[in-house]
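Numbering follows the working numbering, with no gaps: position 677 of the sequence shown is 660. Heads up, the beta-carbon is just placed ideally off N, CA and C, and yes, glycines get one too. Predicted model only: the values in this text are computed from it and were never measured.
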Amino acid sequence: MNLSLKKIISILNTQEIGTPDDLTIDNISIDSRSLQNNDKTLFFALVGNNNDAHIYIKDLMLKGVRNFVVTHIPEGLEGKANFLVVKNTLEALQQVAAYYRSLFAFPIIGVTGSNGKTIVKEWLNFLLSPDYNIIRSPKSYNSQVGVPLSVLAINEQHNLGIFEAGISTVSEMDKLEKIIQPTIGILTNIGSAHDEGFESTEEKIKEKMLLFQHSKVVIFQKNELVDKCLESFSGYIPPSGAREIFSWSFTDNSATVFVSKKEHTHENIHIEYTYKGNVSDLKIPFVDDASVENVISCLSVLLYLEYDEKTIQNRIELLYPMEMRLKVKKGINNCSLIDDSYSSDFQSLKIALDFLESQKQHQKKTVVLSDIFQSGLSNEVLYSKVAELIVSNDINRVIGIGDTISILKTKLPNAVFFKDTNEFLVQLEQLNFENETILIKGARSFQFEEIVSALTEKTHETVLEINLNAISHNYNFFKSKLKPTTKMMAMVKAFGYGSGGFEIAKLLEHHKLDYLGVAFADEGISLKTAGIKLPIMVLNPENTSFSAIIQHQLEPEIYSLKGLNAFLKIAEQKKLKDFPIHIKMDTGMHRLGFEANTIDDLIATLKGNQTVKVKSILSHLATSDDLQHKDFVYYQINLFEKLSSKLMTELAINPIRHILNTSGISNFPEAQYDMVRLGIGLYGVSNDSEEQKYLENVGTLKSVISQIRTIQSGESVGYGRRFMANRESRIATIPIGYADGISRHWGNGIGFVTIKNKKAPVLGSVCMDMLMVDVTEIDCKEGDSVVIFGESPTVSYMAEQLKTIPYEILTSISQRVKRVFYRE
Ligand SMILES: *Cc1c(COP(=O)(O)O)cnc(C)c1O
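What follows is the structure, encoded as structure tokens:
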């Protein structure tokens, strides 16, 4: 993208406050962490529900960014950079994108629907890329923010665009339409996903169709409801004539493409389709309904673009399932891998490098990269840009694989090159991968999945997938319930409630969280050693750990005179001054803390002491989740108020006070004091079923089917023959058991797992390393994926059935289960 700052100012109809000379902007950014931000970047300070990017402006200026779109100029920064002041920074971003889009006249495909948008977009990209230079939305960038960013990546070499648009409520599509301005519209499957934001399915369809108000053609699966919506849909008729309706159907032979299914094998479906009076055959390399529908959407586009039967067959046969997310996996020799082995184009490289930068497990960053396709640029220009990106992202080593990428040799003297993936794999040992984060990014044809598999740490196939976006969402949700001045401590004890301490701490550090809380010193030490800079409070510091606490600059919670004296002794030996400590009061939990009758001694000990400084005073509620015990909560709060006030007056100090945990934030917001301590809510669990609806699921525990067998009526399954079949049954064995943290009782008619979106009941008792489920009604095979918990069953449901609490389920998942972190 290239736009002059002057032009942008006129589009936004605003004034520039700063140096007046004209500049060309070639990078639009909303991500403060991106290392691609430079003096030609225009940074839009977006303001979300509770995250406001204005806080990053100062840091960005230190990194050389000069141009900002803001709602106000942060204090003290006037005159120090160029500020374009607007009412709404998101709308400004959308306006610039819409203007920029209108500069290009090539066809643009706009995809919307409830399901299948991203896969249809990716498949179309694959099918059409031999003939076009395509610009498409990266990953699933389909939101009010993602769409403008996608569109702003168009350049003069492109001659086809494919963008997806996702909405969750009315009035959103209109905005996206103005930015995408599609000439070809595709409506994919309309399901019940995200129905909450709409009054009815009809309203949802109508809203989605607004994407097509100026398109020449609309492609969709014909059905009554869509037809009805289309009738009442009075969009603009393009000057070239009436809008074309391009429908397809399995049942209605009046559709533009009429499809009938023929043969069905384990891996393929043969269909026959009639188009313009011709009957053709097509072999689809998938069997599930959703994939078949998505392939037919793609087929319709190819037919509309007048591809011949043979080319269509040849290309569709090569379609493959795709992973839409960047996944972080644990690699060999303590490496971390970012698996992006599905695409290689310039735009997605930029995104992958930003993602790599946000993952700070290791100092050292490595990129394994294949030839880059579809840029429309000459190789010389393309690889110069790639080299620039690599340099600005501080990549320590680059490994290029392919023919054309070796051009980088002259630009990056330290890079290593291989002719093909095999040659690389032969040399793998000598490359000594160790303690580094490796981005593996390659076009499909290079089969980089073999590199990923060679570099992945070998463990069993059960993984706990952690959705980092959901953590951010939940964090912001609770933050939005607080006064703007209230600080937040996130509890990451017990390995982040089982979800991974470091990764979550890192993410929250980015969100400018105030404090972390851990249970024991060693948890804090490993966070600090891994590079976490946030202050960390240790809830339960043992006397033997005081030295280590001081050495690693952790902050102990002090809960008794004995502990205080022991800490003071060491602190004085080390000649510390104002070392931060936290004073815990027992107001009724009766677990840890100073009781009312010890306050005078506490005051006497601390008075005049210079070695330590009371950073905060806290207490913990015993019943914040149970409104039946409201009175007890008020009793605790009153006592806390009394004791902490006394301490503050007598010692003449002004510490942070805090008493609320997750359910306290929800139920007793008036007691938020200066800080709250968020735990379980961050991980997506609430005690309140109403509130639960606003939280996103964080962890999904997954495994695979090891084996399937059929048993006869009267045969049994597992130890003690506790399950007896009363019909012929298909039984699947899953390699996860109570040693992984799944309760032994999650069987015998109580528990289930989810396979292909269907419930499979757990049979008999759970074994140590395995469990067996009934898949008689489910069309599945060995190797298929199994969800143990996540969206269904939820951790809360499991806890209820097992007569425990979600905390125990989450923290029981054994460390032998690999954690995989991802962002959408
Ligand atoms: C664990 C813990 C919290 C967080 O509790 P949640 O119910 O998970 O929000 C807060 N404070 C203390 C002292 C804790 O031990």
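| Asked | Found |
| --- | --- |
| Using 8 Å for Cβ pairs, my map puts K168 next to S120. What's the rounded Cβ distance? | In the sequence as presented, Lys is not what sits at residue 168; that position holds Gly. 15 Å between Cβ atoms; not a contact. |
| To the nearest angstrom, report how far apart S97 and K244 are at their CA atoms. | 24 Å |
| Out of D328, G129, I796, S428, state which residue places its alpha-carbon closest to the alpha-carbon of E74. | G129 |
| Got a sec: does ligand 1 put a non-hydrogen atom nearer than 7 Å to the Cβ of S646? | yes |
| Is there contact between the stretch 250 to 257 and the stretch 64 to 80, where contact requires at least three CB pairs shorter than 8 Å? | no |
| Exposed or buried, which one is E486 when buried takes at least 16 other CB atoms within 10 Å? | buried |
| Can you give me the Cβ contacts of Q690 inside the same chain, cut-off strictly under 8 Å, excluding the 5 residues immediately before and after it? | A715, T716, E765 |
| Tell me whether Y39 sits in a helix, a strand or coil according to DSSP, three-state version. | helix |
| Could you tell me whether the Cβ atoms of L517 and A488 are closer together than 8 Å? | yes |
| So A28 packs on V52, CB below 8 Å; how close in whole Å? | 7 Å |
| Which whole-angstrom value describes the C-beta separation of S607 and V616, a residue pair presumed to lie in contact below a C-beta threshold of 8 Å? | 6 Å |
| Could you check if M305 is buried or exposed, using at least 16 other CB atoms within 10 Å of its CB as the buried criterion? | exposed |
| Just to check my reading of the structure: G667 and V681 have Cβ atoms closer than 8 Å, yes? What is that Cβ distance to the nearest angstrom? | 4 Å |
| Helix or strand or just coil, what does DSSP make of M44? | helix |
| With a threshold of 8 Å on Cβ separation, who are the neighbours of L544 within its own chain once the five nearest residues in sequence on each side are excluded? | F577, T581, D584, L585, T588 |
| Are S795 and G724 touching if we call contact CB-CB under 8 Å? | yes |
| Have a look at K811 and I508 and give me their C-alpha separation to the nearest angstrom. | Absent from the structure is residue 811, since the part of the chain shown begins at -16 and ends at 807. |
| Enumerate in chain order the residues of its own chain whose CB-to-CB distance from Y219 is below 6 Å, with the five nearest sequence positions on each side excluded. | Note on Y219: pLDDT 49, under 50, position unreliable in the model; the coordinate value appears next. Answer for Y219: Q196, H197, listed in chain order. |
| Flag this pair as touching only if the stretch 306 to 324 and the stretch 432 to 439 have three or more C-beta atom pairs under 8 Å; answer yes or no. | yes |
| Residue ranges of each beta strand (DSSP E) run of no fewer than 3 residues wholly in the stretch 634 to 672, ordered along the chain? | 639 to 641, 658 to 661 |
| If you measure from the CB of I91, is any heavy atom of ligand 1 nearer than 7 Å? | no |
| Where are the beta strand (DSSP E) runs, 3 residues long or more, that stay fully inside the stretch 428 to 499, in chain order? | 446 to 450, 470 to 474 |
| Between G425 and ligand 1, is there a pair consisting of the residue's CB and a ligand heavy atom that are separated by less than 7 Å? | no |
| Just tell me which of K122, D505, N637 has its CA closest to the CA of P563. | N637 |
| Consider the C-beta atom of R16 and the heavy atoms of ligand 1; say whether any pair is separated by less than 7 Å. | no |
| Does DSSP classify Y219 as helix, strand or coil? | A caution first: Y219 carries a pLDDT of 49, below 50, which makes its placement in the model unreliable, though a value can still be read off. Y219 falls in the coil class under three-state DSSP. |
| Please give me, in chain order, every unbroken run of the beta strand (DSSP E) with length at least 3 that falls completely inside the stretch 343 to 415. | 347 to 353, 380 to 384, 399 to 401 |
| Short of 6 Å in beta carbon distance, which residues of its chain neighbour C763, apart from the five on each side in sequence? Order them along the chain. | I738, K739 |
| Looking at the unbroken beta strand (DSSP E) that takes in Q690, where does it start and where does it end? | 690 to 694 |
| Any idea if V374 is buried or exposed, counting beta-carbon neighbours within 10 angstroms, 16 or more meaning buried? | exposed |
| Would you say the beta carbon of R640 comes nearer than 7 Å to a heavy atom of ligand 1? | no |
| Skipping 5 residues on each side, what residues in its chain have a beta carbon closer than 7 Å to that of N142? | F89, Y115, N116 |
| For R799, is the beta carbon positioned less than 7 Å from some heavy atom of ligand 1? | no |
| Does the separation of the CB atoms of I163 and I91 fall below 8 Å? | yes |
| Hey, how far is the Cα of L604 from the Cα of H345? | 38 Å |
| Comparing the CB of K476 with every heavy atom of ligand 1, is any distance shorter than 7 Å? | yes |
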